[in-house]
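Numbering (this note's numbering) for the sequence shown: 24 to 217. Structure, as structure tokens:
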Amino acid sequence: MDIQIITRPIFAPVILGTSRQGRASEHAAHFVVDHVAKRAKIRTDLIDIRNMQLSIDDAGESIKDSKFSATVKEADALIFVVPEYNHSFPGLLKHVLDTNLKEYIHRAAGVCGVSAGPFGGARMIQSLPPVLRELGMVTIFSDVYFGNAGKLFDPTTGEITDPAYAGRLDKFLNELVCMARARLLRKDTPANVL
Numbered sequence: 024m025d026i027q028i029i030t031r032p033i034f035a036p037v038i039l040g041t042s043r044q045g046r047a048s049e050h051a052a053h054f055v056v057d058h059v060a061k062r063a064k065i066r067t068d069l070i071d072i073r074n075m076q077l078s079i080d081d082a083g084e085s086i087k088d089s090k091f092s093a094t095v096k097e098a099d100a101l102i103f104v105v106p107e108y109n110h111s112f113p114g115l116l117k118h119v120l121d122t123n124l125k126e127y128i129h130r131a132a133g134v135c136g137v138s139a140g141p142f143g144g145a146r147m148i149q150s151l152p153p154v155l156r157e158l159g160m161v162t163i164f165s166d167v168y169f170g171n172a173g174k175l176f177d178p179t180t181g182e183i184t185d186p187a188y189a190g191r192l193d194k195f196l197n198e199l200v201c202m203a204r205a206r207l208l209r210k211d212t213p214a215n216v217l
């Protein structure tokens, strides 16, 4: 077993899953990125689907964004920060996800929901994990719910107003790291040992 697998920081990019104007999810995504960056055992990057230039033609993998694909392939885990729109997740996120397939296999995935209401995207979180599983990701059992996002983040600075979210996010990240490390250990273990 390669000891570097156990000791190196995992790479867990944060995917901001909406391109909508005036999105409160952007504050939540920056909170997550900033919080992850404080941890020595994880490195991260922000992937904003607003910056991806994909054709609206449904051509599957033939329209993939090469930078997104390379980042996902390098990732050990993925963190999704996604708003709830009409009880589900944004269609553009699904379009982005469908442009890759093999890159997702066995990646740990965690979901942070965002909503204007009190439930923090709970209905979206019911909808997204089956899609992630179908794409080959392994979803963790902890979620983070950013409810009442318009009040949760300071409108001027974007800073979170409730300090309890740091602890919630720590629990979420601990589980994500655990699942990502399990994948890495399994990948490094000879098949005849499994």
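Here a beta-carbon is modelled for each residue, glycine too, at the ideal position from N, C-alpha and C.
Distance from the CA of ILE65 to the CA of GLY40, rounded to the nearest whole angstrom, comes to 21 angstroms.
Its chain contains GLY133, VAL134, CYS135, GLY136, ILE148, PHE195 as the residues whose beta carbon lies nearer than 8 angstroms to that of ASP166, once the 5 sequence neighbours on both sides are disregarded; these appear in chain order. Pairing PHE103 with ILE38, the inter-Cα distance amounts to about 5 angstroms. Exclusion of the five residues before and after VAL55 leaves VAL37, ILE102, VAL104, CYS135, LEU192 as the residues of its chain whose Cβ lies within less than 7 angstroms of its Cβ.
The residue among THR162, PHE142, ARG146, GLU107 with its C-alpha nearest the C-alpha of TYR127 is THR162. Uninterrupted alpha helix (DSSP H) stretches at least 4 residues long and entirely within the segment 30-73 occur at 48-60, given in chain order. Under DSSP, PHE169 forms a beta bridge with VAL137. Residue environment for ARG130: buried (at least 16 other C-beta atoms within 10 angstroms of its C-beta). At least 8 angstroms separates the beta-carbon of HIS58 from that of GLY181.
Rounded to whole angstroms, ASN74 and CYS201 show a C-alpha spacing of 30 angstroms.
Take ILE183, set aside five residues on each side of it, and the residues of its chain with a beta-carbon closer than 7 angstroms to its own are PHE54, LEU175, PHE176, in chain order. With contacts defined by Cβ atoms closer than 8 angstroms, ALA52 and GLY173 do not form a contacting pair. For LEU208, the secondary structure class from DSSP, reduced to helix, strand or coil, is helix.
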